[in-house]
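J.: Residue numbers for the sequence shown, in our numbering: 32 to 248.
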Amino acid sequence: MNDLLTESFEIPRDQGSRPADIEMGMTSGELGLENFFKKVQEIEKQCEKLDKLLKKLQDAHEESKAVTKAPAMKAIKQRMEKDVDEVGKIARLTKAKIEALDKENLANRQKPSCRKGTAVDRSRTSTTVSLKKKFKDKMAEFQSLREMIQQEYREVVERRVFTVTGTRADEETIDQLIETGDSEQIFQKAIHEQGRGQVCEYFHSLPENLLEKLKRR
32 MNDLLTESFE IPRDQGSRPA DIEMGMTSGE LGLENFFKKV QEIEKQCEKL DKLLKKLQDA
92 HEESKAVTKA PAMKAIKQRM EKDVDEVGKI ARLTKAKIEA LDKENLANRQ KPSCRKGTAV
152 DRSRTSTTVS LKKKFKDKMA EFQSLREMIQ QEYREVVERR VFTVTGTRAD EETIDQLIET
212 GDSEQIFQKA IHEQGRGQVC EYFHSLPENL LEKLKRR
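(1) Between Leu162 and the rest of its own chain, which residues show a CB-CB distance below 6 angstroms, the 5 nearest in sequence each way excluded?
(2) Alpha carbon to alpha carbon, how far is Glu135 from Ser175? Give it in angstroms, no decimals.
(3) Under three-state DSSP, which class holds Asp201?
(4) Is the beta carbon of Leu88 sitting closer than 8 angstroms to the one on Asp114?
(5) Touch check for the stretch 165-184 and the stretch 78-93: three-plus C-beta pairs under 8 angstroms?
(6) What number of angstroms, rounded off, separates the C-alpha of Arg190 from the C-alpha of Tyr184?
(7) When the Cα atoms are used, what is the spatial distance from Ile205 to Thr198?
(8) Tell me which residues share the same chain as Ala91 and place their Cβ nearer than 7 angstroms to its Cβ, disregarding the 5 neighbours each side in the sequence.
(9) Enumerate in chain order the residues of its own chain whose CB-to-CB distance from Val71 is below 7 angstroms, with the five nearest sequence positions on each side excluded.
(10) Under a Cβ-count criterion, where at least 16 other Cβ atoms within 10 Å of its own Cβ denotes burial, should Leu132 be classed as buried or exposed?
(11) List the whole-angstrom C-beta distance separating Val118 from Phe193, where the pair is believed to meet the contact cut-off of C-beta under 8 angstroms.
(12) Near Lys147, what residues of its chain come up, given a Cβ to Cβ distance below 6 angstroms and the 5 sequence neighbours on each side ignored?
(13) Apply the 10 Å Cβ neighbour rule to Lys246 and answer buried if 16 or more other Cβ atoms are within range, or exposed otherwise.
(14) Within 10 angstroms of its Cβ, does Gln77 collect 16 or more other Cβ (buried), or is it exposed?
(15) From the DSSP output, in three-state form, read off Gln141 for me.
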């Protein structure tokens, strides 16, 4: 997901928010605003979808903390994985639409009444800047959620190692276990040597498939 926040998508610092006004004697259709605002509405609808999905992911993550039954945890994992996939699709689509809007803004300046600095140009530019900020804020929320899940997963792996070995693993060992997925072998070893009941809670304490999917974004 990090590639959705590249430098090419930075918000201009010198752009302020100005009211949309129409040049005298020209209709919104002639100025290109009617089609522009239709596209703006489409982008805003995508941002609303991101809002709902992020809320669902946050709620599911909180729900997973209290679940102890394997079937219930599996269902939560599946829901979260589906929502993560959908966030990625919508985010890529939204970013592409905003970038296309930027290009259209530049092309629109070729019209005599829409050149740089005109009311129409200011309206298009400030509206696009507002959309960029809204989108970047949503992606920042997703990034924060991802980091929280990753940190909590580290804690789960650390507890698994301690449950099996009785010692605290160093940072390098934890990193290797997360990277290779060998924490599952630790769980299996714990089942054989200590019994399923003692370690079951650690195995189901976080949606691991979700973590791996998030790490690849």
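Note that the Cβ used here is the ideal one computed from N, Cα and C, for glycine as well.
T.: On the basis of the coordinates in this document:
(1) Ile74, Ile129
(2) 32 angstroms
(3) coil
(4) yes
(5) yes
(6) 10 angstroms
(7) 12 angstroms
(8) Ile107, Arg110, Met111
(9) In the same chain as Val71, and ignoring 5 residues on each side of it, the C-beta atoms closer than 7 angstroms to its own belong to Thr158, Leu162, in chain order.
(10) buried
(11) That belief does not hold up - the Cβ atoms of Val118 and Phe193 are roughly 33 angstroms apart, past 8 angstroms.
(12) Arg140
(13) The predicted model places Lys246 with a pLDDT of 48, which falls under 50 and marks its position as unreliable, so this point remains unresolved.
(14) It counts as buried.
(15) coil
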